[in-house]
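Protein chains in written order, with the UniProt record's numbering: chain A, 1 to 106; chain B, 1 to 106; chain C, 1 to 106; chain D, 1 to 106.
We put the beta carbon where it would ideally sit given N, CA and C, even for glycine.
Computed from a predicted structure; not experimentally measured.
Protein chains: 4
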Amino acid sequence: MPHDRVREALRTFVAERDWEQFHTPENLAKSIAIESGELLECFQWGGNPDLGAVQEELADVLSYCFLMADRLGLDPDQIVLDKLETTRSKYPVEKARGSSAKYDQL
Amino acid sequence: MPHDRVREALRTFVAERDWEQFHTPENLAKSIAIESGELLECFQWGGNPDLGAVQEELADVLSYCFLMADRLGLDPDQIVLDKLETTRSKYPVEKARGSSAKYDQL
Amino acid sequence: MPHDRVREALRTFVAERDWEQFHTPENLAKSIAIESGELLECFQWGGNPDLGAVQEELADVLSYCFLMADRLGLDPDQIVLDKLETTRSKYPVEKARGSSAKYDQL
Amino acid sequence: MPHDRVREALRTFVAERDWEQFHTPENLAKSIAIESGELLECFQWGGNPDLGAVQEELADVLSYCFLMADRLGLDPDQIVLDKLETTRSKYPVEKARGSSAKYDQL
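Encoded structure:
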């Protein structure tokens, strides 16, 4: 599926409701944190969540992430690939393999 | 850019480091919340953030979201479009236009 | 230890640095969420955290909570006791015992 | 009000429902993050929240913080005072006054 189609659907949804005024980068950052909390709530007491709820909450986090990327003129896929380059150099395979330690403690 | 390319890059990155063992849905949900907090930190005292830092933190949130989607066999774009259908019916244009009220207070 | 002593210590710390201007309720709410993310990071990959780090991050969350309570003229202990009354009625002992279900699913 | 009274009220509430089993430090850390998201939601689109809702959500964050402190044998007031010592040395008055910059950028 072309990612453009999702961006267009989100843009249309927001424009129809005249919601661009609320979607400052700061408000979107708050919204991402709020929805992440709701996603985490699916796992509050353990690892056996309602998968339908997980899917909905993950979609909410992603929607606000895509809206923020669009607002800032960023391509979601590209910034993930760019960041992966940085993370690769912080976590070289030979040092990081099988370890969950943070890069400054490897 | 095809979304598949990002998924493959993330999968390879994780597999090379033998990190699948850490990437339970629960741990990924925690990771999304943690990175959302770091993104929010860019806006802690106001709306004029370091845009380079915003891009990196948004990429981190997105990376964990994509990893969770992949782990659960979900397509990120599709679940966003599906959720948009639900949200459309909760926020009809005529009631929601120009308002930031929650759907149960429209 | 009298709670007043903590409130006074926090007030003095903030006043000496002329930081009241940054401590709007909204910025404090963001700060609580940010520090909660750092606390959660201690448990990102499992339940065996560095206890010194947990103590520091929990202190950060609490500090911002106390600052917000003070800013809004609320007594932290009293609002916890008040909320406990509400929660008691939502989770009656006979229905809630031994269950982690949400009140609307008991 | 003596802080002990709050700790006792929380302990009794939890014990009556046999909920100690769910209150691992990790689950409490998740709960603090979840409730912080709900507190932040009061400020999602701006700084004019429903103060009753803010009070309730702040109480929820504080309740889980107090439960975690109790679980780890920590005194909430003491760890805030201890952390304040650390923060004082990271943010000396003469450098930090009137600035919202992070300590490594002062």
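Under the three-state reduction of DSSP, which class applies to E55 of chain D: helix, strand or coil? For the purposes of this step, residue 55 of chain D is identified with residue 55 of the fourth sequence, where counting begins at 1. In the sequence as displayed, the identity of residue 55 of chain D is Gln instead of Glu. If DSSP states are grouped into helix, strand and coil, Q55 of chain D belongs with the helices.
May I ask you to verify whether the stretch 23 to 32 of chain C touches the stretch 43 to 53 of chain D, counting CB pairs closer than 8 Å and requiring at least 3? The answer is yes - the stretch 43 to 53 of chain D touches the stretch 23 to 32 of chain C, with three or more Cβ pairs under 8 Å.
What is the rounded straight-line gap between the Cα of Q55 of chain D and the Cα of R17 of chain A? Counting from one through the fourth sequence, the residue named residue 55 of chain D turns up at place 55. Counting from one through the first sequence, the residue named residue 17 of chain A turns up at place 17. Distance between the alpha carbons of Q55 of chain D and R17 of chain A: 31 Å.
Taking Cβ positions, are C65 of chain C and L10 of chain D nearer each other than 7 Å? If you number the third sequence from 1, residue 65 of chain C lands on position 65. If you number the fourth sequence from 1, residue 10 of chain D lands on position 10. The answer is no: Cβ separation not under 7 Å.
Within 7 Å of any Cβ in chain A, is that where the Cβ of A33 of chain C sits? As a first step, residue 33 of chain C is located in the third sequence; it is residue number 33 there, counting from the start. The beta carbon of A33 of chain C falls within 7 Å of a beta carbon belonging to chain A, placing the residue at that interface.
Taking the C-alpha atoms as reference points, what is the distance between I32 of chain A and A59 of chain B? For the purposes of this step, residue 32 of chain A is taken as residue 32 along the first sequence, with counting starting at 1. For the purposes of this step, residue 59 of chain B is taken as residue 59 along the second sequence, with counting starting at 1. If you draw a straight line from the Cα of I32 of chain A to the Cα of A59 of chain B, it is about 13 Å long.
Measure from the C-beta of S100 of chain B to each C-beta in chain D and report whether the shortest distance is under 7 Å. Here residue 100 of chain B is taken as the residue at index 100 of the second sequence, counted from 1. Contacts with chain D at 7 Å (Cβ-Cβ) include S100 of chain B.
If I'm right that K90 of chain B touches Y103 of chain B with Cβ under 8 Å, what's the distance once you round it to whole angstroms? As a position in the second sequence, residue 90 of chain B is number 90, starting the count at 1. As a position in the second sequence, residue 103 of chain B is number 103, starting the count at 1. So it is a contact: roughly 4 Å between Cβ atoms.
For a test of the three-state rule: what should DSSP assign to S99 of chain C, helix, strand or coil? Taking the third sequence and counting its residues from 1, one reaches residue 99 of chain C at position 99. Coil, per DSSP.
Pull up the distance between the alpha-carbon of E41 of chain B and that of I34 of chain C, whole angstroms please. If you number the second sequence from 1, residue 41 of chain B lands on position 41. If you number the third sequence from 1, residue 34 of chain C lands on position 34. Rounded to whole angstroms, E41 of chain B to I34 of chain C spans 6 Å at the Cα level.
Could you tell me which chain C residues have their CB closer than 9 Å to the CB of F22 of chain B, listed as they occur along the chain? Residue numbering aside, residue 22 of chain B sits at position 22 when the second sequence is read from its first letter. By Cβ distance, chain C contributes Q44, W45, G46.
Are the C-beta atoms of K95 of chain D and some chain C residue less than 7 Å apart? Indexing the fourth sequence from 1 puts residue 95 of chain D at position 95. No, its Cβ sits nowhere closer than 7 Å to a Cβ of chain C.
List, from N- to C-terminal side, the alpha helix (DSSP H) runs of 4 residues or more that fit wholly inside the stretch 33 to 94 of chain B. For the stretch 33 to 94 of chain B, whole alpha helix (DSSP H) runs of length 4 or above, ordered along the chain, are 51 to 71, 76 to 90.
Only counting the same chain, and skipping five residues up and downstream in sequence, which positions put a Cβ closer than 7 Å to that of E94 of chain D? By one-based count along the fourth sequence, residue 94 of chain D stands at place 94. Same-chain partners within the cutoff: there are none.
Closer than 7 Å at the beta carbon, the chain D residues around K83 of chain C: Here residue 83 of chain C corresponds to residue number 83 of the third sequence, with the count starting at 1. The answer, in chain order, is E56, A59, D60, S63.
Do W45 of chain D and F22 of chain A have their beta-carbon atoms positioned less than 7 Å apart in this structure? Translated into the one-based positions of the first sequence, residue 22 of chain A becomes position 22. Translated into the one-based positions of the fourth sequence, residue 45 of chain D becomes position 45. Between F22 of chain A and W45 of chain D, the C-beta spacing is below 7 Å.
Which value, in whole angstroms, describes the spacing of the CA atoms of L67 of chain C and E85 of chain B? As a first step, residue 67 of chain C must be located in the third sequence, where it is residue number 67. As a first step, residue 85 of chain B must be located in the second sequence, where it is residue number 85. In a straight line, the C-alpha of L67 of chain C is about 41 Å away from that of E85 of chain B.
Label E100 of chain C either buried or exposed according to how many other C-beta atoms from any shown protein chain fall within 10 Å of its C-beta, with 16 as the threshold for buried. Stepping through the third sequence from its first residue, residue 100 of chain C is reached at position 100. Inspection of the sequence shows that residue 100 of chain C is occupied by Ser rather than by Glu. S100 of chain C is exposed by the Cβ-count criterion.
Spatial neighbours of L39 of chain C within its chain, please: CB distance less than 8 Å, with the 5 preceding and 5 following residues excluded, ordered by chain position. Position 39 of the third sequence, counted from the start, is the residue given in the question as residue 39 of chain C. Cβ within range, chain order: V54, E57, L58, D60, V61.
Sequence-distant residues of its chain with Cβ nearer than 7 Å to D77 of chain B (five each side left out): Here residue 77 of chain B refers to the residue found at position 77 of the second sequence. In chain order, H3 place their CB closer than 7 Å to the CB of D77 of chain B, counting only its own chain and leaving out the 5 sequence neighbours on each side.
How is the alpha helix (DSSP H) around F13 of chain D delimited, first residue to last? Translated into positions along the fourth sequence, residue 13 of chain D becomes position 13. Counting along the chain, F13 of chain D sits inside the alpha helix (DSSP H) bounded by residues 3 to 16.
So, are the CB atoms of V80 of chain A and V6 of chain B less than 7 Å apart? Within the first sequence, numbered from 1, the residue matching residue 80 of chain A stands at position 80. Within the second sequence, numbered from 1, the residue matching residue 6 of chain B stands at position 6. Going by C-beta atoms, V80 of chain A is nearer than 7 Å to V6 of chain B.
Is L106 of chain B helix, strand or coil by DSSP? Within the second sequence, the letter at position 106 stands for residue 106 of chain B. In this structure, L106 of chain B counts as coil in the three-state DSSP scheme.
Are the beta-carbon atoms of G98 of chain B and G37 of chain C separated by less than 7 Å? Reading the second sequence from its first residue, position 98 is the one you call residue 98 of chain B. Reading the third sequence from its first residue, position 37 is the one you call residue 37 of chain C. No, these two residues do not count as a Cβ contact at 7 Å.
If we cut at 7 Å on Cβ distances, does E18 of chain B have a partner in chain A? What you label residue 18 of chain B is simply residue 18 of the second sequence in a count that begins at 1. Position check: residue 18 of chain B holds Asp in this sequence, whereas Glu was assumed. The Cβ of D18 of chain B sits closer than 7 Å to at least one Cβ of chain A.
Length of the line joining the Cα atoms of F43 of chain C and L72 of chain D: Mapped onto the third sequence, residue 43 of chain C falls at position 43. Mapped onto the fourth sequence, residue 72 of chain D falls at position 72. Each residue's Cα considered, the two are about 14 Å apart.
Run the CB neighbour count on G69 of chain D, radius 10 Å, all protein chains shown included, and call it buried at 16 or more, exposed below. The residue given as residue 69 of chain D occupies position 69 in the fourth sequence. Reading off the sequence shown, one finds Ala at residue 69 of chain D, where the question assumed Gly. It is buried - the Cβ of A69 of chain D has at least 16 other Cβ atoms within 10 Å.
For chain A, is any of its Cβ atoms less than 7 Å away from the one on V14 of chain B? Position 14 of the second sequence, counted from the start, is the residue given in the question as residue 14 of chain B. No, V14 of chain B does not count as interfacial toward chain A.
Burial state of L74 of chain D, where buried means 16 or more other Cβ atoms lie within 10 Å: Taking the fourth sequence and counting its residues from 1, the one referred to as residue 74 of chain D is at position 74. Buried, because 16 or more other Cβ atoms sit within 10 Å of the Cβ of L74 of chain D.
Interface residues of chain D around S89 of chain C at Cβ under 7 Å? Stepping through the third sequence from its first residue, residue 89 of chain C is reached at position 89. Here the premise fails: no neighbours, minimum Cβ distance about 12 Å.
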